[in-house]
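The sequence shown stops at residue 1158 when you use this note's numbering, and every number in between is there.
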Amino acid sequence: MFKQPFLDLPPIASAHGTVTLPGSKSISNRVLLLAALCDGATEVHDLLSSDDTHVMLEALKALGCEVTETGVNQVRVVGLNGQLKTKSAALFLGNAGTAMRPLTAALTLMASTQGGSFAVSGVPRMHERPIGDLVDALRVLGGVVTDLGEPGYPPLRLGDGATHALNLAAPIPVRGDVSSQFLTALLLALPLVAEQDVVIEVVGELISKPYIEITLKLLSQFGVQVQRDEWRRFTIPGGSRYRSPGKIHVEADASSASYFVALGALGATSGVTIQGVGLQSIQGDIRFIEAAAMMGADISGGDNHLHVKRGAWPLKAIDLDCNHIPDAAMTLAAMALYADGTTTLRNIASWRVKETDRLTAMATELRKLGATVEEGADYLCVTPPADARAWRTAPIDTYDDHRMAMCFSLAALNPADLPIRINEPHCVAKTYPDYFEDLFSVTTNRPGAVPVICIDGPTASGKGTLSQGVAQALGYAWLDSGALYRLVGVAAEMAGLSTQVSDLADPAHAEKVAAVAANMAVRFDGDRVLLGENDVSERIRTEAAGMGASRVSAIGPVRQALLELQHRFAKAPGLVADGRDMGTVIFPQAPLKVFLTASAQKRAERRYSQLISKGIPAKLDDLLADLQERDARDTNRTHAPLKPAEDAMQLDNTDMGIDESIQLVLNWWQGKQPKT
Ligand code: DC
483 MFKQPFLDLP PIASAHGTVT LPGSKSISNR VLLLAALCDG ATEVHDLLSS DDTHVMLEAL
543 KALGCEVTET GVNQVRVVGL NGQLKTKSAA LFLGNAGTAM RPLTAALTLM ASTQGGSFAV
603 SGVPRMHERP IGDLVDALRV LGGVVTDLGE PGYPPLRLGD GATHALNLAA PIPVRGDVSS
663 QFLTALLLAL PLVAEQDVVI EVVGELISKP YIEITLKLLS QFGVQVQRDE WRRFTIPGGS
723 RYRSPGKIHV EADASSASYF VALGALGATS GVTIQGVGLQ SIQGDIRFIE AAAMMGADIS
783 GGDNHLHVKR GAWPLKAIDL DCNHIPDAAM TLAAMALYAD GTTTLRNIAS WRVKETDRLT
843 AMATELRKLG ATVEEGADYL CVTPPADARA WRTAPIDTYD DHRMAMCFSL AALNPADLPI
903 RINEPHCVAK TYPDYFEDLF SVTTNRPGAV PVICIDGPTA SGKGTLSQGV AQALGYAWLD
963 SGALYRLVGV AAEMAGLSTQ VSDLADPAHA EKVAAVAANM AVRFDGDRVL LGENDVSERI
1023 RTEAAGMGAS RVSAIGPVRQ ALLELQHRFA KAPGLVADGR DMGTVIFPQA PLKVFLTASA
1083 QKRAERRYSQ LISKGIPAKL DDLLADLQER DARDTNRTHA PLKPAEDAMQ LDNTDMGIDE
1143 SIQLVLNWWQ GKQPKT
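Right, dumping it as structure tokens:
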């Protein structure tokens, strides 16, 4: 996951490949709650691991549920059989509506009938998301709910410690036109107390019906068959009881699929395959594919996969009632940037009470890109930028809304080849923590579009620390090219080849060392460096390995052998490469090149304290002499001698702290970004 304050997406040229989606948020949290309420243990497979499921799991544990991780994305939940184990707890539910609403209903009923008291709260935005209609319904049937803040919004206290009889004889009215989650919450909770038939009557037009379908299907998997009359009346038969299905599999998230469906429709290639969700998905958002097809996407698929490629191009503008796909409809708004006219998305008032006011957020951010947007009370009209020249780039705000971040990543396919900055990209963790990694895995960029920052300089100048700091701040990969030359020296020695200058002078011997370099099975795994199965992380960091690297790196064929390997590190979202010739030879087109120096004395002192802190004995004078010898060889060699690129920014950090150097380079980098 990208944890930086922003992520710059390089312009995307095309999309192809296969992506396996994480589990559905809506299904995951419903299944977890049902597993917690029912009798017996339930093994949940392919559970989504995200912020929203995390708060649900924590809440269930706080309620005394036994939850065990039994594998990757797999948990075993031992149900409470509708009986409170803990009579009071304070539950923090973040910004997870799928936890807040159903837990409020279930805990109110259990606390009121069994004598408990629970506080539920969330992040500030959660306290702005309405829950009054659900609370009203719970109060009608005799549940005790106390407002702890503004009436109609969390935080709430559920139950008061005493037992109360519920009145379930009369139909329970609940509004269906603000959020379908209120009805879902009642449907999930009422089977706990359905001694007799319990009837729920929906007041107003029910929105987001497909989510109710998911609820009904899952209830049935847990042994409760709800009777539905149209979308107005729902009857839970008296004597209903939850029973664990033993094992349950969570479908991949159909809303998450929408971004890759869009990507397939936008990229001019063989298309994108999406694994984990198919044409017959139980999730309502699967109907997004009909809308995408109307816009021109060419979609095929099976039970558990979809394949999407470009059909009509440019996309066709549409005018659509999106009530049935409220979440995925946001993706249509992003696709509208590539349509041949004005796209109108109607009946989306529920956007206003989601993670943020999505109508305003979407309109504001689309305008930043050059689109013309009309924001209605419950609709949005999007007219794309007139042509490539009318596209703009600007930092996209995401309002702590995962879908804003994912939708606007699609703007990186813009015809103007502009990079797109996504602020607070980590908000995708709500439903799809690895979204950007997956996006990068199925997209390609035009040659030179992936930004590379080169940091060259002599040994012990602090290149590694500076490069890592810059890479971390930007979410970029880091290439320590010195490590590659160190590896060549070590690998040659492991293969029984000498790295002495006199031996390397023999061209036949040099070719053998180059062949070792070309065939190194090197893998960087976090801080570890592996050569085949051998962990050589420590060995390549020794002074001897540094000297060996300096000798083998003077050989032309060795440098040639490592060229392609180094180029392969330049992948989205970007690369910070450090070494001697990053700016001069390997990435001569890099938009930012830094030449880092410090006095030889200072560098020797830094190396000295580094070694001493690791418990490695060292002598300052020897280090200074070694360092000067390496400087001389690296600078005077024929092949790629150490020197600043002509357009390099010089940075002497003799008297500068690391944070200051990192900030300076980041400022230079910011200066290279397209003006907004
Ligand atoms: O940066 P370092 O100390 O890990 O580098 C080890 C040696 O590798 C250095 O003395 C010269 C060589 N090197 C090189 O020739 N070109 C690079 N891009 C990086 C390192």
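The C-beta atom is built at its ideal place from N, Cα and C for all residues, glycine as well.
Does ligand 1 have a heavy atom nearer than 7 Å to the CB of residue i?
i        : result
Tyr-967  : yes
Ala-1031 : yes
Met-1064 : yes
Gly-1061 : yes
Thr-1079 : no
Ser-1035 : yes
Thr-941  : yes
Ser-949  : no
Asp-1009 : no
Gly-1038 : no
Gly-1028 : yes
Arg-1089 : no
Gly-964  : yes
If I'm right that residue i touches residue j with Cβ under 8 Å, what's the distance once you round it to whole angstroms?
i        : j        : result
Ala-1072 : Leu-1044 : Their Cβ separation, rounded to whole angstroms, is 17 Å, which puts Ala-1072 and Leu-1044 out of contact at 8 Å.
Ala-831  : Asp-860  : 4 Å
Ala-810  : Ser-763  : No, Ala-810 and Ser-763 are not in contact; Cβ-Cβ is about 12 Å, not under 8 Å.
Gly-625  : Thr-590  : 4 Å
Arg-1112 : Ala-1036 : Between Ala-1036 and Arg-1112 the Cβ distance is about 11 Å, and since that is not below 8 Å, they are no contact.
Met-592  : Leu-674  : 6 Å
Gly-971  : Ala-887  : Not confirmed; about 44 Å, so no contact.
Thr-595  : Leu-648  : 6 Å
Ala-572  : Ala-541  : Rounded, the Cβ-Cβ distance is 10 Å, inconsistent with contact.
Met-538  : Asn-511  : 5 Å
Ser-599  : Phe-574  : Actually they are not in contact, since the Cβ atoms of Ser-599 and Phe-574 sit about 16 Å apart, beyond 8 Å.
Classify residue i: buried if its beta carbon has 16 or more other beta carbons within 10 angstroms, exposed otherwise.
i        : result
Trp-795  : exposed
Pro-637  : buried
Gln-765  : buried
Lys-836  : buried
Gln-982  : exposed
Ile-694  : buried
Pro-633  : exposed
Gln-1048 : buried
Asn-1016 : exposed
Glu-733  : buried
Pro-929  : exposed
Lys-945  : buried
Do residue i and residue j have their CB atoms nearer than 8 Å?
i       : j       : result
Ala-893 : Ile-902 : yes
Ala-518 : Val-559 : yes
His-908 : Met-608 : no
Ile-768 : His-787 : no
Val-507 : Asp-528 : Residue identity differs from the one stated: residue 507 is Lys in this sequence, not Val. Their beta carbons are not under 8 Å apart, which means Lys-507 does not touch Asp-528 by this criterion.
Ala-955 : Gln-486 : yes
Who are the Cβ neighbours of residue i in its own chain at under 8 Å, not counting the five residues just before and after it?
i        : result
Ile-853  : The amino acid at residue 853 is misidentified as Ile; the sequence shows Ala. Result list for Ala-853: Ala-818, Leu-819, Val-864, Thr-865, Pro-866, Pro-867, in chain order.
Arg-583  : Ile-613, Leu-616, Ser-661, Gln-663, Phe-664, Thr-666, Ala-667
Pro-492  : Ala-894, Pro-901, Asn-927, Ala-931, Val-932, Pro-933, Ala-1054, Pro-1055, Gly-1056
Phe-1051 : Ala-959, Leu-961, Leu-1057, Ala-1059
Ser-496  : Gly-749, Ala-750, Thr-751, Thr-925, Thr-926
I'd like the list of long-range same chain contacts for residue i, defined as Cβ closer than 6 Å, with 5 residues on each side in sequence excluded.
i        : result
Gly-1080 : The amino acid at residue 1080 is misidentified as Gly; the sequence shows Ala. Ser-943, Asn-1135, Thr-1136.
Ala-775  : Ile-781
Val-680  : Leu-650, Leu-672, Ile-718
Leu-1106 : Ala-1086
Lys-791  : Gly-746, Gly-753, Asp-780
Asp-920  : Val-501
Pro-655  : Glu-683, Val-685
Glu-857  : Leu-841, Ala-845
Gln-1132 : Phe-1077
Val-855  : Ala-845, Leu-848, Arg-849, Val-864
Ala-744  : Thr-813, Met-817, Leu-892
Ser-690  : Ser-662, Pro-808
Lys-729  : Glu-525
Take residue i and list the residues in its own chain whose beta-carbon comes closer than 7 Å to its own, dropping the five residues that flank it on each side.
i        : result
Val-1067 : Ala-1122
Asp-629  : Leu-638
Ala-965  : Val-1011, Ile-1022
Tyr-967  : Ala-1031, Val-1034, Ser-1035
Ala-821  : Met-777, Pro-796, Leu-797, Lys-798, Ala-799, Pro-866
Gly-579  : Arg-611, Gln-663
Val-605  : Gly-576, Asn-577
Gly-597  : Lys-569, Gly-643, Ala-644, Thr-645
Let me see if you follow: with CB-CB separation under 8 Å, is residue i close to chain C or not?
i       : result
Val-759 : Of the chains in the structure shown, none is chain C; there is only one protein chain.
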